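Down below is the structure, laid out as structure tokens.
2 protein chains.
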Amino acid sequence: MGSDNRKKAVVLLSGGMDSAVVAAMAAAEGFAVHALTFDYGQRHRVELAAAKRQAVLQQMAGHTIFPLPLHLFGGSALTDDIPVPRRAGEAKEGSPGAAIPVTYVPARNAVFLSVALSFAEAIGAADIFIGVSAVDYSGYPDCRPAFIEAFGKVANLGTRMADGGPGFTIHAPLQYLSKEETVRRGLSLGVDFGVTRTCYDPAPDGTPCGTCDACCLREKGFAAAGVVDPGRSPMEENE
Amino acid sequence: MGSDNRKKAVVLLSGGMDSAVVAAMAAAEGFAVHALTFDYGQRHRVELAAAKRQAVLQQMAGHTIFPLPLHLFGGSALTDDIPVPRRAGEAKEGSPGAAIPVTYVPARNAVFLSVALSFAEAIGAADIFIGVSAVDYSGYPDCRPAFIEAFGKVANLGTRMADGGPGFTIHAPLQYLSKEETVRRGLSLGVDFGVTRTCYDPAPDGTPCGTCDACCLREKGFAAAGVVDPGRSPMEENE
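Protein chains in written order, with our numbering: chain A, 69 to 307; chain B, 69 to 307.
Have a look at this one:
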């Protein structure tokens with residue numbers, strides 16, 4: 069890594085399919101990918117194992133798992149003992165007025181992006197990648213383009229690096245892609261979707277439930293792309 | 069606390085003098101103060117003891133200490149083995165072009181405000197208080213009014229509570245106050261400054277160094293207000 073002359077980018081890597089594609093996109097753009105994964109008390113712990121394996125597979129320049137105990141605050145089905153809702157097949161289209169589901173974690177992406185910003189500034193990376201999409205999504209407010217844009221302003225007003233320096237760019241390359249397009253993009257970049265986990269409420273062996281919002285969106289994407297999802301098998305949590 | 073009908077506010081409480089005054093101001097405005105203190109690996113650990121004691125003294129409605137290991141990223145004299153700079157007496161006036169000192173912690177206030185936002189949303193508080201000032205300050209970019217304003221937009225675009233709801237207000241009531249004015253405001257509200265610690269690099273017994281940027285600003289404030297600073301004695305770290 070001492071002879072790595074590529075520009076550094078911080079990539080938020082969740083262990084799911086979207087961020088795996090984003091990491092591959094950043095690498096394809098020539099960035100040295102420094103992945104950042106949050107252990108925020110999510111009940112879907114298999115995400116962390118998937119993120120670790122993805123970082124190795126893609127030969128990322130670095131991977132940091134950051135403990136962030138948002139579950140101390142409660143208020144989400146992803147971190148608390150609130151049941152994860154199921155839905156029957158069809159993924160709803162996102163719209164500003166759509167109800168925000170109980171899987172929403174309060175201000176999660178603001179926190180994730182802020183910590184990514186701190187990390188980026190500490191390692192001298194001016195580029196931050198996040199895998200949000202506002203097309204096939206769960207309706208979370210912190211996935212919308214206006215939010216990402218507003219955060220970019222915060223990044224460039226509240227940091228030393230941006231103070232007369234080049235400033236930060238927040239990349240959200242999946243912003244306007246459907247899940248189908250994300251699947252296709254990932255396949256074209258050689259992403260191994262078998263090593264990604266998306267489910268909000270997997271079985272103890274890591275097998276996705278198949279009925280939560282995230283599973284339904286993923287299933288829709290693979291079906292539309294006409295390929296079989298390789299990420300439906302068990303996965304060890306501690307690999 | 070079950071019969072507390074006051075509106076909740078989240079107050080960032082560092083253990084220093086500014087946030088103690090802000091907490092008292094929030095209480096004076098009628099808010100139930102829910103304080104949030106970060107254990108971010110700061111070398112001035114006595115801050116945490118001071119915050120705990122201040123929360124008890126002011127009879128705050130709640131106090132959460134949130135572990136946030138920003139020191140994992142490095143890059144600051146407040147968390148690393150980089151010497152804290154000394155200066156001779158006169159505090160410099162902040163201006164956008166002023167050099168940002170090595171005590172700057174990358175994107176700290178963006179991270180702190182984001183976690184405060186998550187906490188506020190989880191407990192149903194629409195008001196967040198932060199004790200930044202852009203008058204007598206160390207020149208940190210994340211203390212400036214434009215940054216606070218930009219963060220307010222992030223808060224109102226990236227949360228469920230603001231999605232058709234009342235939205236969040238970021239209060240920075242010391243923004244345009246000098247340290248002298250902050251001292252006077254605190255005294256008028258009965259703040260016990262003896263239980264606040266400001267120093268970036270205190271002695272092992274908690275005694276302030278008297279020569280760092282934070283000590284100089286504090287000294288200037290008390291001198292201008294014409295009162296003796298009661299916060300110059302040792303303080304136990306583990307109270």
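Glycine residues also receive a C-beta, built at the ideal position from the N, C-alpha and C atoms. Just so you know, these numbers come straight off a predicted model, no measurement behind them.
Proximity to residue i [Cα-Cα], best of the options
i, options, result
"residue 298 of chain A", "A/254, A/280, A/168, A/223", "A/254"
"residue 184 of chain A", "A/205, A/294, A/135, A/212", "A/135"
"residue 104 of chain A", "A/273, A/295, A/119", "A/119"
"residue 152 of chain A", "A/294, A/277, A/224, A/286", "A/277"
"residue 281 of chain A", "A/80, A/111, A/74, A/170", "A/170"
"residue 240 of chain B", "B/127, B/219, B/154", "B/219"
"residue 209 of chain B", "B/229, B/197, B/177", "B/177"
"residue 117 of chain A", "A/285, A/262, A/235, A/290", "A/262"
"residue 244 of chain A", "A/200, A/287, A/236", "A/200"
"residue 144 of chain A", "A/286, A/173, A/268, A/124", "A/173"
"residue 132 of chain B", "B/146, B/292, B/147, B/106", "B/106"
"residue 90 of chain B", "B/260, B/269, B/71, B/154", "B/260"
"residue 247 of chain B", "B/213, B/191, B/270, B/292", "B/292"
"residue 224 of chain A", "B/87, B/175, B/285", "B/175"
"residue 188 of chain A", "A/204, A/238, A/127, A/212", "A/238"
"residue 285 of chain A", "A/235, A/257, A/205", "A/205"
"residue 212 of chain B", "A/236, A/265, A/228", "A/228"
"residue 234 of chain A", "A/193, A/197, A/303", "A/193"
"residue 93 of chain A", "A/289, A/258, A/269, A/181", "A/258"
"residue 142 of chain B", "B/217, B/270, B/110", "B/110"
"residue 303 of chain B", "B/102, B/121, B/71, B/98", "B/121"
"residue 207 of chain B", "A/217, A/195, A/226", "A/226"
"residue 195 of chain A", "A/76, A/71, A/290", "A/76"
"residue 82 of chain A", "A/123, A/71, A/72", "A/123"
Residues that residue i contacts on chain B, provided the C-beta gap is smaller than 7 Å
i, result
"residue 178 of chain A", "182, 185, 222, 226"
"residue 231 of chain A", "168, 209"
"residue 172 of chain A", "228"
"residue 175 of chain A", "182, 185, 186, 189, 226, 227"
Between the CA atoms of residue j and residue i - distance to the nearest angstrom
i, j, result
"residue 140 of chain B", "residue 108 of chain A", "16 Å"
"residue 202 of chain B", "residue 115 of chain B", "21 Å"
"residue 275 of chain B", "residue 283 of chain B", "11 Å"
"residue 301 of chain A", "residue 295 of chain A", "16 Å"
"residue 232 of chain A", "residue 215 of chain B", "15 Å"
"residue 159 of chain A", "residue 251 of chain A", "Here the model assigns residue 159 of chain A a pLDDT of 37, short of 50, so the residue's position is not dependable and the matter cannot be decided."
"residue 249 of chain B", "residue 80 of chain B", "20 Å"
"residue 156 of chain B", "residue 149 of chain B", "Note on residue 156 of chain B: pLDDT 42, under 50, position unreliable in the model; the coordinate value appears next. The alpha-carbon atoms of residue 156 of chain B and residue 149 of chain B are separated by roughly 22 Å."
"residue 161 of chain B", "residue 287 of chain B", "Annotation note: pLDDT 40 at residue 161 of chain B (below 50); position unreliable, coordinate value reported separately. Looking at the two C-alpha atoms, the distance is approximately 15 Å."
"residue 222 of chain B", "residue 222 of chain A", "8 Å"
"residue 165 of chain B", "residue 168 of chain A", "With a pLDDT of only 36 at residue 165 of chain B, under the threshold of 50, the placement of this residue in the model should not be trusted; the figure read from the coordinates follows. Cα-Cα distance, rounded: 42 Å."
"residue 267 of chain B", "residue 112 of chain B", "7 Å"
"residue 242 of chain B", "residue 84 of chain A", "42 Å"
"residue 126 of chain A", "residue 146 of chain B", "34 Å"
"residue 191 of chain B", "residue 87 of chain A", "30 Å"
"residue 273 of chain A", "residue 264 of chain A", "14 Å"
"residue 182 of chain A", "residue 230 of chain A", "14 Å"
"residue 197 of chain B", "residue 186 of chain B", "14 Å"
"residue 71 of chain B", "residue 98 of chain A", "58 Å"
"residue 290 of chain B", "residue 270 of chain A", "58 Å"
"residue 236 of chain B", "residue 102 of chain B", "15 Å"
"residue 256 of chain A", "residue 217 of chain A", "28 Å"
Assumed close pair residue i, residue j - CB separation to whole angstroms, cut-off 8 Å
i, j, result
"residue 100 of chain B", "residue 129 of chain B", "4 Å"
"residue 138 of chain A", "residue 179 of chain A", "7 Å"
"residue 68 of chain B", "residue 279 of chain B", "It is not possible to answer for residue 68 of chain B, since the shown part of chain B is limited to 69 through 307."
Amino acids of chain A, ordered along the chain, whose beta-carbon sits closer than 8 Å to that of residue i
i, result
"residue 198 of chain B", "Correct list: empty, because the minimum Cβ distance to chain A is about 12 Å."
"residue 218 of chain B", "218, 221, 222, 225, 226"
"residue 290 of chain B", "Chain A residues near residue 290 of chain B: none, gap ~29 Å exceeds 8 Å."
"residue 106 of chain B", "None at all; the shortest Cβ gap to chain A is about 11 Å."
"residue 214 of chain B", "225"
Contacts of residue i in chain C (Cβ-Cβ under 8 Å)
i, result
"residue 134 of chain A", "The chain labelled as chain C is not found among the protein chains of the depicted structure, namely A and B."
Proximal residues of chain A, C-beta to C-beta of residue i below 7 Å
i, result
"residue 270 of chain B", "Result: empty, since nearest Cβ-Cβ is about 24 Å, beyond 7 Å."
"residue 83 of chain B", "Those within 7 Å of residue 83 of chain B in chain A number zero; the least Cβ separation is about 19 Å."
Residues that residue i contacts on chain B, provided the C-beta gap is smaller than 8 Å
i, result
"residue 261 of chain A", "Simply none; closest approach about 28 Å."
"residue 234 of chain A", "The premise fails here: residue 234 of chain A is roughly 14 Å from chain B at the closest Cβ pair, so nothing lies under 8 Å."
"residue 294 of chain A", "Correct list: empty, because the minimum Cβ distance to chain B is about 35 Å."
"residue 109 of chain A", "By Cβ distance, chain B contributes nothing, its closest Cβ being about 12 Å from residue 109 of chain A, past 8 Å."
Contacts that residue i makes with chain B (C-beta to C-beta distance below 9 Å)
i, result
"residue 278 of chain A", "In chain order: nothing, as chain B lies at least about 26 Å away."
"residue 258 of chain A", "Under the 9 Å cutoff, chain B gives no residues; its nearest Cβ is about 30 Å from residue 258 of chain A."
The ligand HEM heavy atom lying under 7 Å from the CB of residue i
i, result
"residue 208 of chain A", "By its list of ligands, the structure shown contains no ligand whatsoever, and the ligand HEM lies outside what it can speak to."
**Request:** Would you mind listing the beta strand (DSSP E) stretches within the region 208-252 of chain B that are 3+ residues and don't spill past its ends, in chain order?
**Result:** Within the region 208-252 of chain B, the complete beta strand (DSSP E) runs of at least 3 residues are 237-239.
**Request:** Scan the region 114-199 of chain B and note each continuous beta strand (DSSP E) run of 3 residues or more that stays entirely inside, going in chain order.
**Result:** Within the region 114-199 of chain B, the complete beta strand (DSSP E) runs of at least 3 residues are 130-135, 195-197.
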